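Notes to accompany the following structure.
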């Protein structure tokens, strides 16, 4: 859900033409059910503890996490941290850095139980 909201926000901010926005939203809406269908089809021959399955899942999880970290740091946070409001106030910068670190720490703490 959060990835969809983030992607939708990025598409709106990009100022593309309406047709290009509609095509992007369409492909996002189609790829999710397609992935679910592929997962259902492959579930019959999937062996959860085989070495190939563990390596594949590890690589897919790592690439997904890397993409999300990149999107968060480069596309979302960089725009806010480089804005004139934050650049003009050291106090606001420190508060923002603390908030980001607390958020990352909270997510790491939650990942322990996930």
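In my numbering, the protein residues as written are -6 to 107. Quick reminder that beta carbons are idealized off the backbone N, C-alpha and C, glycines included. This structure is a prediction, so every number in the text was calculated from the model and none was measured.
Between the alpha carbons of residue i and residue j, how many angstroms are there, rounded?
i: residue 2; j: residue 70; result: 14 Å
i: residue 30; j: residue -1; result: 24 Å
i: residue 38; j: residue 53; result: 18 Å
i: residue 49; j: residue 82; result: 46 Å
i: residue 16; j: residue 65; result: 24 Å
i: residue 51; j: residue 43; result: 12 Å
Give every residue of the same chain whose Cβ lies closer than 8 Å to the Cβ of residue i, excluding the five residues on either side of it in the sequence, and list them in chain order.
i: residue 40; result: 46
With a cut-off of 8 Å on the beta carbons, I'd call residue i and residue j a contact; round off their distance for me.
i: residue 86; j: residue 95; result: Rounded, the Cβ-Cβ distance is 15 Å, inconsistent with contact.
i: residue 4; j: residue 18; result: 7 Å
Return yes when the C-beta of residue i is under 7 Å from any heavy atom of the ligand ZN, and no when it is not.
i: residue 83; result: Because no ligand of any kind appears in the structure shown, any question about the ligand ZN cannot be addressed here.
Once the 5 residues before and after residue i are set aside, which same chain residues still bring their CB inside 6 Å of it?
i: residue 73; result: none
i: residue 10; result: none
Out of the options, point me to the one whose CA is closest to residue i's CA.
i: residue -4; options: 51, 76, 62 and 36; result: 62
Using a Cβ-Cβ cutoff of less than 7 Å, which residues in the same chain neighbour residue i once the five nearest sequence positions on both sides are dropped?
i: residue 14; result: 4
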